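2 protein chains.
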Amino acid sequence: MKLIECVPNFSEGRRPEIVQEIAGAVTAVPGIKMLDQSSDASHNRSVITFVGAPAAVKKAAFSATQKAAELIDMESHRGEHPRIGAADVIPLIPVSGVSMEDCVVLARELGQEIGEKLGIPVYLYEEAALTAERKNLAAVRRGEYEKLKEAIGQPGRHPDFGPLRLHPTAGATAVGARPPLIAYNINLDSSDVQIARKIARSIRGSSGGYPSIKALGVLIEETGTAQVTINVCNYRLVSLARVFETVKSEAARYGVGIKSSEIVGLLPMEALLDSAAFYLRLQGFHSGQVLEKRLTEN
Amino acid sequence: MKLIECVPNFSEGRRPEIVQEIAGAVTAVPGIKMLDQSSDASHNRSVITFVGAPAAVKKAAFSATQKAAELIDMESHRGEHPRIGAADVIPLIPVSGVSMEDCVVLARELGQEIGEKLGIPVYLYEEAALTAERKNLAAVRRGEYEKLKEAIGQPGRHPDFGPLRLHPTAGATAVGARPPLIAYNINLDSSDVQIARKIARSIRGSSGGYPSIKALGVLIEETGTAQVTINVCNYRLVSLARVFETVKSEAARYGVGIKSSEIVGLLPMEALLDSAAFYLRLQGFHSGQVLEKRLTEN
Numbered sequence: 032m033k034l035i036e037c038v039p040n041f042s043e044g045r046r047p048e049i050v051q052e053i054a055g056a057v058t059a060v061p062g063i064k065m066l067d068q069s070s071d072a073s074h075n076r077s078v079i080t081f082v083g084a085p086a087a088v089k090k091a092a093f094s095a096t097q098k099a100a101e102l103i104d105m106e107s108h109r110g111e112h113p114r115i116g117a118a119d120v121i122p123l124i125p126v127s128g129v130s131m132e133d134c135v136v137l138a139r140e141l142g143q144e145i146g147e148k149l150g151i152p153v154y155l156y157e158e159a160a161l162t163a164e165r166k167n168l169a170a171v172r173r174g175e176y177e178k179l180k181e182a183i184g185q186p187g188r189h190p191d192f193g194p195l196r197l198h199p200t201a202g203a204t205a206v207g208a209r210p211p212l213i214a215y216n217i218n219l220d221s222s223d224v225q226i227a228r229k230i231a232r233s234i235r236g237s238s239g240g241y242p243s244i245k246a247l248g249v250l251i252e253e254t255g256t257a258q259v260t261i262n263v264c265n266y267r268l269v270s271l272a273r274v275f276e277t278v279k280s281e282a283a284r285y286g287v288g289i290k291s292s293e294i295v296g297l298l299p300m301e302a303l304l305d306s307a308a309f310y311l312r313l314q315g316f317h318s319g320q321v322l323e324k325r326l327t328e329n
Numbered sequence: 032m033k034l035i036e037c038v039p040n041f042s043e044g045r046r047p048e049i050v051q052e053i054a055g056a057v058t059a060v061p062g063i064k065m066l067d068q069s070s071d072a073s074h075n076r077s078v079i080t081f082v083g084a085p086a087a088v089k090k091a092a093f094s095a096t097q098k099a100a101e102l103i104d105m106e107s108h109r110g111e112h113p114r115i116g117a118a119d120v121i122p123l124i125p126v127s128g129v130s131m132e133d134c135v136v137l138a139r140e141l142g143q144e145i146g147e148k149l150g151i152p153v154y155l156y157e158e159a160a161l162t163a164e165r166k167n168l169a170a171v172r173r174g175e176y177e178k179l180k181e182a183i184g185q186p187g188r189h190p191d192f193g194p195l196r197l198h199p200t201a202g203a204t205a206v207g208a209r210p211p212l213i214a215y216n217i218n219l220d221s222s223d224v225q226i227a228r229k230i231a232r233s234i235r236g237s238s239g240g241y242p243s244i245k246a247l248g249v250l251i252e253e254t255g256t257a258q259v260t261i262n263v264c265n266y267r268l269v270s271l272a273r274v275f276e277t278v279k280s281e282a283a284r285y286g287v288g289i290k291s292s293e294i295v296g297l298l299p300m301e302a303l304l305d306s307a308a309f310y311l312r313l314q315g316f317h318s319g320q321v322l323e324k325r326l327t328e329n
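Written out as structure tokens, the structure is:
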């Protein structure tokens with residue numbers, strides 16, 4: 032069963048009726064399964080999560096982008112989160128039976144279609160990027176919608192598809208392919224947020240740790256717990272087990288233990304199977320031995 | 032998605048054409064997915080593993096029992112494994128969306144149908160048993176086919192369904208419901224089989240360990256590895272992680288480490304998720320957070 036997950040972000044998080052219309056464009060496509068919808072008013076942004084076969088996902092993402100272009104006017108959009116357009120960012124994520132390369136190909140097809148049929152400039156990012164710089168979404172969104180109006184004319188900021196100017200209401204869209212991101216929190220047996228911050232610095236790529244890890248130290252007020260809040264951006268490179276063990280070892284250096292950990296939202300089965308295999312020292316194990324996985328195969 | 036796994040054992044392991052006909056009766060039922068087939072010549076016995084929705088599984092198990100009754104003559108059957116009939120034992124195992132109680136109900140319906148329509152006496156066992164004694168399959172099969180011919184007339188050996196005499200060619204059938212069984216081996220960093228045997232004794236129910244665990248100590252000749260070979264009969268009672276940690280702790284008492292472990296065949300996803308959750312100290316985790324699991328739900 033070929034399945035791709037798509038997690039588009041739209042620049043509307045305050046008017047539920049608009050978000051519902053966009054979500055409706057997604058679910059109208061046969062074979063699409065809606066997994067989640069969430070809106071954030073202060074970011075004025077919504078995230079829709081859905082899965083399906085590659086062709087259906089492409090169709091649904093295109094249709095939602097078209098609907099967002101009709102309903103969202105970037106000229107009047109305000110919000111805290113960086114953004115360049117109505118359908119701001121569209122990542123494609125391999126779930127089963129498809130490779131990252133398949134997602135890259137699909138992202139480029141989708142980008143071309145959005146650019147040509149909707150007249151919205153498209154930037155390819157992460158695994159789908161055509162240049163090293165655009166692998167980084169932050170570089171693509173630099174200056175955001177307001178500054179990109181001018182910047183799009185500069186050679187280094189030319190879009191990969193579509194016109195050389197922003198769409199009058201929908202702005203621009205970033206389309207990419209990436210591995211699944213796992214939101215993972217580790218709670219320390221301490222209320223000292225400084226320790227959580229030091230541990231976060233030791234594991235995250237931006238301060239010399241694992242390049243695929245993002246992390247912050249925070250205090251969970253209601254329980255008085257210092258927490259390392261983590262994005263595991265490529266669990267195949269750095270697994271949950273390795274993150275957990277590294278945090279445990281760093282915490283021990285401050286005489287602090289691990290109270291618990293939490294997975295926020297969804298994660299691929301393989302990420303947990305890998306952790307079980309790590310601790311149980313499983314040899315020769317493959318996910319086809321998992322009954323539920325076997326049932327979806329042929 | 033309601034799914035039950037069925038793993039019937041048939042008293043034929045030497046004539047592949049007979050086994051194929053029985054398997055064909057299973058796959059002829061729409062909605063059934065064949066997962067595995069294996070035959071053992073010395074046991075003269077075959078195991079077929081399939082899954083499907085409850086009604087389809089009942090139909091397929093009935094149809095395979097009927098076919099086995101046509102093709103297998105217990106009067107001429109010889110083999111090392113204990114058996115009472117052509118379709119010797121039919122366990123039903125909850126996989127997803129069904130409870131053990133659902134499997135018990137289905138096992139009793141299936142048993143009644145086999146007894147009444149095929150004239151084969153049926154004994155309910157394990158979770159489906161009507162008496163404490165018959166929970167134990169060994170008690171149901173005591174004396175095997177040959178001695179059961181007489182014993183079936185004794186009050187304590189009366190079948191739960193069907194006639195008070197063995198079927199002339201098909202004998203009797205045991206129908207039950209049970210949790211999934213996981214075949215799990217732990218390899219010691221030692222070639223001393225005596226240590227593996229001592230560890231096996233310390234964990235298995237029959238010598239005072241965990242009631243849901245069966246275990247033996249063996250020597251894997253080709254690698255010179257002492258191995259604890261284990262049946263985890265109810266991973267919800269005693270998890271893979273607890274078995275691993277108990278074996279590790281017992282091995283340490285002899286100054287021996289764990290080299291690796293292996294899962295033989297299939298296992299439910301939950302058994303590995305539980306292990307990951309144990310080691311990662313996950314709180315508030317539920318299997319609906321697993322993308323693949325979520326995709327099969329509604």
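From first to last, the protein sequence lines stand for chains B and S.
Going by the numbering used here, the first sequence runs without a break in its numbering and finishes at 329.
Going by the numbering used here, the second sequence runs without a break in its numbering and finishes at 329.
Here a beta-carbon is modelled for each residue, glycine too, at the ideal position from N, C-alpha and C.
Here the structure is a predicted model, which is why all the values come from computation and not from measurement.
Cross-strand partners of residue i (DSSP beta bridge)
i, result
"V206 of chain S", "S:I121 and S:L155"
"C37 of chain S", "S:F81 and S:L123"
"S214 of chain B", "It is Ala, not Ser, that sits at residue 214 of chain B in the sequence shown. Its beta-bridge partners are B:N262 and B:V295."
"V321 of chain S", "B:L298"
"R76 of chain S", "S:D71"
"H198 of chain B", "B:G202"
"L304 of chain S", "L304 of chain S pairs with nothing; no bridge assigned."
"L219 of chain S", "S:I289"
"T256 of chain B", "B:I251"
"G44 of chain B", "Answer is none; G44 of chain B lacks a bridge partner."
"G116 of chain B", "B:G202"
Distance, residue j Cα to residue i Cα
i, j, result
"P194 of chain S", "T200 of chain S", "14 Å"
"E147 of chain S", "I124 of chain S", "23 Å"
"S94 of chain S", "Y154 of chain S", "18 Å"
"E43 of chain B", "I103 of chain B", "7 Å"
"R188 of chain B", "R196 of chain B", "11 Å"
"S243 of chain B", "K90 of chain S", "50 Å"
"R109 of chain B", "N75 of chain B", "7 Å"
"A308 of chain B", "I234 of chain B", "22 Å"
"I49 of chain B", "S107 of chain B", "15 Å"
"V259 of chain B", "Y310 of chain B", "22 Å"
"L280 of chain B", "V274 of chain B", "For the sequence presented, residue 280 of chain B should be read as Ser rather than Leu. Answer to the nearest angstrom: the Cα atoms are 10 Å apart."
"R114 of chain B", "S70 of chain B", "15 Å"
"A163 of chain S", "Q68 of chain B", "50 Å"
"E111 of chain S", "S73 of chain S", "6 Å"
"M105 of chain S", "A86 of chain S", "29 Å"
Any non-hydrogen atom of the ligand NAP closer than 8 Å to residue i Cβ
i, result
"A118 of chain B", "Among the components of this structure there are no ligands whatsoever, and the ligand NAP is therefore not found."
Boundaries of the beta strand (DSSP E) in which residue i is found, first to last residue
i, result
"I289 of chain S", "I289 to V295"
"Q314 of chain S", "From DSSP, Q314 of chain S is part of no beta strand (DSSP E); its letter is neither H nor E."
Close beta carbons around residue i, own chain, < 7 Å, minus the five adjacent residues each side
i, result
"K64 of chain S", "F81, V82 and G83"
"S238 of chain S", "R232"
"A159 of chain B", "V135, A138, R139, V206, G207 and A208"
"K166 of chain B", "Y156, E157 and A160"
"R325 of chain B", "G319"
Alpha helix (DSSP H) segment containing residue i, residue limits
i, result
"V269 of chain S", "First-last for V269 of chain S: undefined, no H or E at that position."
"I251 of chain S", "It is not in any alpha helix (DSSP H) - I251 of chain S instead sits in the beta strand (DSSP E) that spans I244 to I251."
"S233 of chain S", "V224 to I234"
"M65 of chain S", "Not the alpha helix (DSSP H): M65 of chain S falls in the beta strand (DSSP E), residues K64 to D71."
"A59 of chain B", "Unbroken run through A59 of chain B: none, as it is neither H nor E."
"D191 of chain S", "Neither: D191 of chain S is in no alpha helix (DSSP H) and is coded neither H nor E."
"I145 of chain B", "M131 to L149"
"E181 of chain S", "E175 to A182"
"A170 of chain B", "L168 to V171"
Cut-off 6 Å between Cβ atoms - residues of its own chain near residue i, not counting five sequence neighbours on either side
i, result
"P299 of chain B", "P211"
"C37 of chain S", "F81, V88, A92 and L123"
"T327 of chain S", "M32"
"A99 of chain B", "F41, I53, A117 and A118"
"L34 of chain S", "V82, V126 and S127"
"R228 of chain S", "G248"
"D223 of chain S", "A257"
Close Cβ partners of residue i (< 8 Å) along its chain, the five nearest in sequence each way excluded
i, result
"L168 of chain B", "V120, Y156, E157, A205 and G207"
"A302 of chain S", "P211, I213, V263, Y266, S270 and L271"
"V60 of chain S", "G83, A87, K90, A91 and S94"
### Query
Is the segment 178-186 of chain S touching the segment 122-137 of chain S, taking contact as three or more C-beta pairs under 8 Å?
no
#### Entry: the segment 310-324 of chain S / the segment 250-270 of chain S touching (three or more Cβ pairs under 8 Å)
no
### Query
Contact between the segment 212-223 of chain B and the segment 281-297 of chain B: three or more CB pairs below 8 Å?
yes
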